[in-house]
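In my numbering, the protein residues as written are 1 to 521. Each remark here refers to the structure printed beneath this line.
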Amino acid sequence: MILSQAKVNVFKWLTYALIFCVAVCPAYGQLRLADVWQSGMVIQRDKPIPIWGWARPGQTVRVQFENEQRQTVVKADSSWSLHLQSRAASATPTRLTIRTDQDMLQLTNLLIGDVWICAGQSNMAFPVINNQFAAQTLRQPKNRSLRLFNKIPALSTYNVAYEPADLPHLNPTGFYQSASWQEADSVAVRLFSAIGYYFGQTVQQSLNIPIGLINLAVGGSPTEAWMRPASVIADPITQPIIKGDWWQNSALEPWCSQRGQENLDKLIQAGYKLPADSLGYEHPFKPGFLYQSAIEPLLRFPIKGIIWYQGESNALSLARAKQHERLFPLLVEDWRKQWQQGDMPFYFCQLSSIGTEKGYKSENWPWFRDSQRRLAERLPNVGMVITSDVGNPTDVHPIHKRVVGERLAREALIKTYGQQAIGTPELVSVSRVRNGIRLRFRQTGAGLRTADTQAIRGFSVGDSSGPQQDVSAHYRANQVFLSFPKGKSYSHIYYGWKPYTTANLVNSAGLPVSTFTCSIL
């Protein structure tokens with residue numbers, strides 16, 4: 001029998017629907033918890049503890065945690081939730097029991113400490129096994145007080161055409177593979193975010209409390225994919241991002257829509273009905289998709305803060321880089337609002353260094369790095385770490401991740417946990433002196449120096465359009481003196497203003513000075 005194309009399409013859609021339901025729909029009435037609530041987890045200290053899940057409507061759910069007992073009745077929509085009292089940090093494993101008349105769940109090996117989210121794109125996703133110190137790291141003994149929850153995407157976007165079996169994952173609720181909380185041993189660590197792991201390890205060892213890390217990073221993802229669409233619409237400058245089919249939207253990066261088409265065209269041409277809404281087909285690069293997939297399911301779960309490494313996909317043109325300068329504050333503000341944690345710590349990595357010689361479109365990275373510097377100075381309870389000194393001239397994924405994670409931890413230990421240490425050096429003033437310019441910096445510790453003990457590299461002068469001539473410089477204590485070219489007038493100073501920079505000015509703790517530009521008064 002020969003089926004019409006319409007019947008074939010209906011059959012394909014029904015097949016997809018069946019696959020989706022089997023993949024993501026639980027048995028009706030079965031007692032279950034939100035995905036993050038599992039044995040081995042770290043629960044955020046010093047905050048009321050929300051527990052939520054689903055069961056048969058009308059049932060009573062009883063929860064016991066240590067000596068505390070709570071109960072609630074399941075709503076008509078099958079959901080239930082309750083709160084337990086806040087607790088201080090504890091590395092002593094405990095258990096949680098949840099019961100209905102028909103079912104019981106018991107979570108064991110639970111710790112109380114601080115939970116951090118690791119999010120962004122591929123440099124945050126970059127696993128421990130691929131970093132410079134992988135062999136040494138994987139020989140370390142298990143750390144029972146460091147717990148990892150690694151949410152790995154079920155789909156890659158790189159050089160792949162999706163198959164029918166991928167359809168259930170083209171939906172925010174099915175995008176990530178199932179995950180479980182793991183103690184930080186060599187098996188769990190090897191595929192976890194390298195930056196996240198080294199951050200967590202440093203904080204845990206410094207504070208001697210349990211630390212939980214939830215990795216959500218997705219390679220290639222643009223900023224807007226991580227944002228709630230309503231927050232993007234709120235700004236007239238960013239509003240065009242949430243307008244019509246994202247594949248056709250000129251306010252977005254063409255590379256992202258091209259990647260989406262590369263992934264989905266085979267299914268479209270075969271007649272499969274793909275999940276979509278008013279913004280177009282579902283895809284991890286679509287505005288709002290990762291917010292819905294990764295962030296929204298965790299908003300009830302208290303956390304300590306965020307570490308973030310993202311921006312490469314928003315720096316391919318100057319227009320997109322300027323757009324990011326508006327998007328990033330909206331993202332930080334809205335995540336804090338949705339988590340109901342108005343001053344939640346947010347630490348991020350400045351873009352690194354890569355040259356343009358092999359075709360990578362990094363010509364706008366100096367501007368982007370300086371924009372990130374200005375954002376970090378302006379936004380409350382936000383910190384930035386420099387990574388341009390550990391970049392790779394030909395690879396957008398540098399392998400030097402341990403130092404980046406440790407720098408993030410240093411920021412958190414200083415700004416969130418109140419430890420006394422030298423932070424990232426910052427420019428505070430520019431003034432004219434005889435035969436040159438004087439720059440003053442703070443957070444220099446015992447004074448400025450160069451990372452390689454060579455002469456200072458990276459300073460240039462020019463006008464508002466960009467650098468025009470390199471200049472020599474020398475340092476003394478917390479100051480840098482620039483020798484000005486004779487007979488010429490320049491209005492701006494630039495430092496590290498190349499896509500791949502070898503600028504080498506650091507403070508006494510070895511922390512580098514950021515790419516920057518400033519006017520000469």
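We treat Cβ as the ideally placed atom computed from N, Cα and C, and that holds for glycine. Because the structure is a prediction, the values reported are computed rather than measured.
Residue range of the alpha helix (DSSP H) that includes residue i
i           : result
residue 339 : 318-339
residue 406 : 402-415
residue 253 : Counting along the chain, residue 253 falls outside any alpha helix (DSSP H), and DSSP gives it neither H nor E.
residue 124 : 122-125
residue 229 : 229-233
residue 201 : 194-207
residue 186 : 186-190
Buried/exposed call for residue i, threshold 16 Cβ in 10 Å
i           : result
residue 7   : Here the model assigns residue 7 a pLDDT of 41, short of 50, so the residue's position is not dependable, and the following value carries that caveat. By the neighbour-count rule (16 or more Cβ atoms within 10 Å), residue 7 is not buried but exposed.
residue 491 : exposed
residue 1   : Here the model assigns residue 1 a pLDDT of 36, short of 50, so the residue's position is not dependable, and the following value carries that caveat. Classification of residue 1: exposed, given that the 10 Å Cβ count is below 16.
residue 418 : exposed
residue 158 : exposed
residue 515 : buried
residue 253 : buried
residue 268 : exposed
residue 513 : buried
residue 146 : buried
residue 357 : exposed
residue 108 : exposed
residue 68  : exposed
residue 224 : buried
residue 244 : exposed
residue 429 : exposed
residue 483 : exposed
Cut-off 8 Å between Cβ atoms - residues of its own chain near residue i, not counting five sequence neighbours on either side
i           : result
residue 485 : 461, 469, 471
residue 321 : 314, 315, 364, 367, 368, 371
residue 5   : Because residue 5 sits at a pLDDT of 43, beneath the cut-off of 50, its placement in the model cannot be relied upon, and the following sentence gives the value as read from the coordinates. Answer for residue 5: 271, listed in chain order.
residue 127 : 190, 191, 192, 193, 194
residue 261 : 247
residue 15  : With a pLDDT of only 45 at residue 15, under the threshold of 50, the placement of this residue in the model should not be trusted; the figure read from the coordinates follows. Excluding positions up to five away in sequence, the list reads 164.
Alpha-carbon spacing of residue i relative to residue j, whole angstroms
i           : j           : result
residue 311 : residue 103 : 46 Å
residue 238 : residue 232 : 6 Å
residue 98  : residue 227 : 33 Å
residue 117 : residue 96  : 23 Å
residue 488 : residue 494 : 16 Å
residue 257 : residue 407 : 34 Å
residue 193 : residue 432 : 45 Å
residue 137 : residue 445 : 30 Å
residue 517 : residue 166 : 46 Å
residue 196 : residue 207 : 16 Å
residue 341 : residue 464 : 39 Å
residue 188 : residue 155 : 20 Å
residue 457 : residue 467 : 14 Å
residue 509 : residue 440 : 17 Å
residue 319 : residue 283 : 23 Å
Own chain partners of residue i with C-beta closer than 6 Å, once the 5 adjacent residues on each side are dropped
i           : result
residue 302 : 44, 47
residue 393 : 355, 500
residue 360 : 354
residue 308 : 119, 120, 348
residue 265 : none
residue 56  : 29
residue 150 : 179, 192, 215
residue 383 : 347, 411, 415
residue 565 : The requested residue 565 is not part of the displayed model; the chain covers only 1 to 521.
residue 352 : 387, 388, 391, 398
residue 305 : 116, 344, 345
residue 81  : 52
residue 212 : 42, 115, 147
Check: residue i C-beta below 7 Å from any heavy atom of the ligand SAH
i           : result
residue 454 : You won't find the ligand SAH in this model; it holds no ligand whatsoever.
Same chain, Cβ closer than 7 Å to residue i, five either side skipped, listed in chain order
i           : result
residue 35  : 297
residue 443 : 422, 423, 424, 425, 426, 507
residue 89  : 45, 112, 113, 209, 210
residue 105 : 31, 33, 98
residue 519 : 491, 492
residue 160 : 263
DSSP beta-bridge partners of residue i
i           : result
residue 104 : 99
residue 51  : 82
residue 71  : 62
residue 43  : 112
residue 176 : 153
residue 479 : 440, 476
residue 397 : Partner(s): none; residue 397 has no beta bridge.
Residue i - containing beta strand (DSSP E), residue span
i           : result
residue 294 : Segment: none, residue 294 is in no beta strand (DSSP E) and carries neither H nor E.
residue 163 : Here residue 163 belongs to no beta strand (DSSP E), and DSSP marks it neither H nor E.
residue 432 : 426-433
residue 240 : Taken as a continuous stretch (DSSP letters only), residue 240 belongs to no beta strand (DSSP E), as it is neither H nor E.
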